[in-house]
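Numbering (my numbering), first residue to last: 120 to 804.
One structure is given below, encoded as structure tokens.
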Amino acid sequence: MSDASPPARWLHRAVAAALFVVLATILLQQTADKIDARLVQLGDVLFPGYALELRQDPTPPACDLEQARAGLDTCVEDAPTPSTPPGDDPFGTAPGDDPFGTADGEARPVSCAAARALAEQCAAEHDAYDAAVQRLSGAVRLYRAVELFFRDLARFAYGAHLLSIVLLLGGMQATSLRAHIALRPVRRRTEHRVSQLAQLLAHALLAASAWADWRVQTGLRIDVEHPEIPLIWAVGFGLLVVGNLVHLLRPPPGLPPGGRIGTALLTIPLFAWMAILSGAWFLLVEGHPSGQAITLHKFAQIPSIYLAVALYVWAGMLLERTHLTARVFDLVRPLRLPVALLAWVVVVAAALPTAYSGASGIFVIAAGSVIFAELRKAGATTQQARMVTAMSGSLGVVLRPCLVVVLISTLNKQVTTDQLYGSGLLVFGLTALIFLTVLWVVYRPALRPAPAEGWQQATRRAGAALVPYVAIGVAVVAIYALLLDAPLNERSAPWILPILLLIMLAWERRARRGGTRARPLRQELVQATETTGEHIGALLFLMAATVGVGAVVERSEVMAMLPQSFGSRPMTMAVLVLVMVIVGMTMDAMGAVILVSVTVADIAYRNGIDPIHFWMMVLVGFELGYLTPPVALNHLLTRQVVGEEADVVARPGDGFWTRHEHLLLPMVVMGISLLVVAFLPFAWT
120 MSDASPPARW
130 LHRAVAAALF
140 VVLATILLQQ
150 TADKIDARLV
160 QLGDVLFPGY
170 ALELRQDPTP
180 PACDLEQARA
190 GLDTCVEDAP
200 TPSTPPGDDP
210 FGTAPGDDPF
220 GTADGEARPV
230 SCAAARALAE
240 QCAAEHDAYD
250 AAVQRLSGAV
260 RLYRAVELFF
270 RDLARFAYGA
280 HLLSIVLLLG
290 GMQATSLRAH
300 IALRPVRRRT
310 EHRVSQLAQL
320 LAHALLAASA
330 WADWRVQTGL
340 RIDVEHPEIP
350 LIWAVGFGLL
360 VVGNLVHLLR
370 PPPGLPPGGR
380 IGTALLTIPL
390 FAWMAILSGA
400 WFLLVEGHPS
410 GQAITLHKFA
420 QIPSIYLAVA
430 LYVWAGMLLE
440 RTHLTARVFD
450 LVRPLRLPVA
460 LLAWVVVVAA
470 ALPTAYSGAS
480 GIFVIAAGSV
490 IFAELRKAGA
500 TTQQARMVTA
510 MSGSLGVVLR
520 PCLVVVLIST
530 LNKQVTTDQL
540 YGSGLLVFGL
550 TALIFLTVLW
560 VVYRPALRPA
570 PAEGWQQATR
580 RAGAALVPYV
590 AIGVAVVAIY
600 ALLLDAPLNE
610 RSAPWILPIL
620 LLIMLAWERR
630 ARRGGTRARP
640 LRQELVQATE
650 TTGEHIGALL
660 FLMAATVGVG
670 AVVERSEVMA
680 MLPQSFGSRP
690 MTMAVLVLVM
700 VIVGMTMDAM
710 GAVILVSVTV
720 ADIAYRNGID
730 PIHFWMMVLV
740 GFELGYLTPP
750 VALNHLLTRQ
760 VVGEEADVVA
770 RPGDGFWTRH
780 EHLLLPMVVM
790 GISLLVVAFL
800 PFAWT
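Printed below as a string of structure tokens:
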């Protein structure tokens, strides 16, 4: 729901433009070090000696050549050559002595050999300086300016600033469009007021805490790194408070009056609940006004992870505006796969892009609307399409190069990414097999394909339509790998994929130039970035609030109530499985990993559970939590990107399973997978 007034539209466009500039800066900054390294190598080829001699202006010689040559006119051939005793001056008897002076201050005769050596050395230094200056042509200076620009950009140490700006710009867009993630959308006037009041309180608490933190940091007598960041937060959250006030005074037109308080509480965004909880804890329990802002500092300590989330969401919104996903579905559409079998193909095929997008929720936001629409075109019911969309990211979180796995290995030195990705491949295969088995049990009569007549030709045509996309993808990846030494992996994927999709989008618009349905590239970029801001704000606000709740859980020592020893590994695992599902039901993956790393992981290790086994269980447990009511975050994200079309309406006479199939079937699949991953390894270890 968005404001239709021209000022509001202008604000959306302005925020989108600012966000585009920031995201483009992040892309350029992430690529700058690779470009700089290649420019230095290329500079040595174009201008020999560039790296060692031409990257800086040469230093003028310290000696005076005319004075050195004048010494040749006054030297004495048979004068003794000055020795070099220890000291700072190679010609003196002590540091600071005049090498050609006598004890009484009179001039000592200068050896011509020493004078000639000094003059030759000085002349050589001047010749080298003159040669270096002559080599600094206009072309070299221009090339050096470009290369040093990328060097300085690569050294840009303001990741926390960029993350703060992205967070606040996204928050402005999500607040302005009323797009924050909640258990149910606003449909009545009372619900609107309650939702806006809760957001106002959450933003006010965050702004006040950031202001208190800034006052503390500026009052310290020691240097504090980036003391301006809390001030940026305070101003940003203050602007969001103003936005909530405007919404309270100007409710959306067309909202019917009325509404119950109980229902209205469900419309409060999840981040607002979390921010109010953490703010109340730090203010009322600990008496620590700046405590909530300190949790934001923790959120900003690993800016690369959360900036990658923003880039992945941007890539997803660009993907939505290409025809790539439709072309992929065209490849299997002639086979007329049963909906259940198509669901399995989609979920398994989505595992790899999920791994590249970083987390299941990020993938649902990035590609959920496209998947839902294509499944509906293929004949899936609303329930089936919603089920597959919500579950589409659940299998890929254990595969390379998932960001969550990178964060786990960063925070836990007991495991490496290679170990986790290796075990994750086995977990992926197991979960895919369990999913297919459950589908066979539930939909056994309807699992036989019925290919259309001439399906081979249709499939070949669809494959031919995919060739340009494959060619663009291979070319871009090859250019990064060969020219910039940046192969596509967990570190480079966030900044390669947006570039790849921008090129695909530009190619599509060029190939369709003159067509009636083709919109200008600029218009596509504006709309993609507007939608990106909305989803980035909703997702990053939830992630930041989750870090705050994690800090409250940690400081309240709730996890300390768990016994340190359970007597056996299976008993320990049973308790931890329950805890991980509950954590997954209430927190996003990034914040949950941070919380588990500092509170629960040591309990598992002390009770003899292998670290790799433990983290595989954690990842699967999180995914079950994201699909389990009452929160069911991935279902909320599905509705976030699809809209009211994803609402499931029960028909009279439907049984319990039929009414809730979109919830129950994913829970069954991930529940069985979790039990197998958690307990089967104990059979041989």
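Glycine residues also receive a C-beta, built at the ideal position from the N, C-alpha and C atoms.
Quantities reported herein were computed from a predicted structural model and do not represent experimental measurements.
- Distance from the Cα of residue 335 is smallest, within the candidate group 302, 523, 140, 410, for 410.
- With at least 16 other beta carbons inside 10 angstroms of its own, residue 363 counts as buried.
- A residue is called buried once 16 or more other Cβ atoms fall within 10 Å of its Cβ, and residue 531 is buried on that count.
- Looking from the CA of residue 616, the closest CA among 489, 427, 301, 695 belongs to 427.
- Residue environment: residue 649 is assigned as buried (16 or more neighbouring CB atoms within 10 Å of its CB, all protein chains considered).
- In the displayed model, residue 611 falls within coil according to three-state DSSP, outside both helix and strand.
- The residue from 260, 770, 672 with its alpha-carbon nearest to that of residue 404 is 672.
- Unbroken beta strand (DSSP E) runs of no fewer than 3 residues, entirely contained in the region 697 to 734, are not found.
- Pairing residue 425 with residue 603 gives a Cβ-Cβ distance that is not under 8 Å.
- Under the three-state reduction of DSSP output, residue 230 falls in the strand class.
- Between residue 503 and residue 458, the beta carbon gap of about 6 Å places them in contact (Cβ cut-off 8 Å).
- Sequence-distant partners of residue 327 (beyond 5 residues in either direction) whose C-beta falls short of 6 Å from its own C-beta are missing from its chain.
- By the CB criterion at 8 Å, residue 138 and residue 652 fall inside the cutoff.
- Per DSSP, reduced to three states, the secondary structure at residue 271 is helical.
- Note on residue 261: under 16 other CB atoms within 10 angstroms of its CB, so exposed under the neighbour-count rule.
- One alpha carbon belongs to residue 688, the other to residue 698, and they sit about 15 Å apart.
- Out of 754, 258, 356, the CA that lies nearest to the CA of residue 169 is found in 258.
- Put simply, the region 272 to 287 touches the region 344 to 364. At least three CB pairs are less than 8 Å apart.
- The alpha-carbon separation between residue 498 and residue 583 amounts to approximately 25 Å.
- For residue 342, no alpha helix (DSSP H) segment is defined, and its DSSP state is neither H nor E.
- Per DSSP, the unbroken alpha helix (DSSP H) holding residue 355 starts and ends at 347 to 368.
- Take residue 413, set aside five residues on each side of it, and the residues of its chain with a beta-carbon closer than 7 Å to its own are 332, in chain order.
- The beta-carbon separation of residue 544 and residue 518, rounded to 7 Å, stays under the 8 Å limit for a contact.
- Taking all protein chains shown into account, residue 489 has 16 or more neighbouring C-beta atoms within 10 Å of its C-beta and is therefore buried.
- About 19 Å separates the beta carbon of residue 394 from that of residue 296, a gap too long to meet the 8 Å contact definition.
- Taking the Cβ atoms as the reference, residue 722 lies roughly 6 Å from residue 681, within the contact range of under 8 Å.
- Take the alpha-carbon of residue 539 and the one of residue 686: they are about 27 Å apart.
- Annotation for residue 538: the continuous alpha helix (DSSP H) segment containing it runs 536 to 562.
- Under the three-state reduction of DSSP output, residue 417 falls in the helix class.
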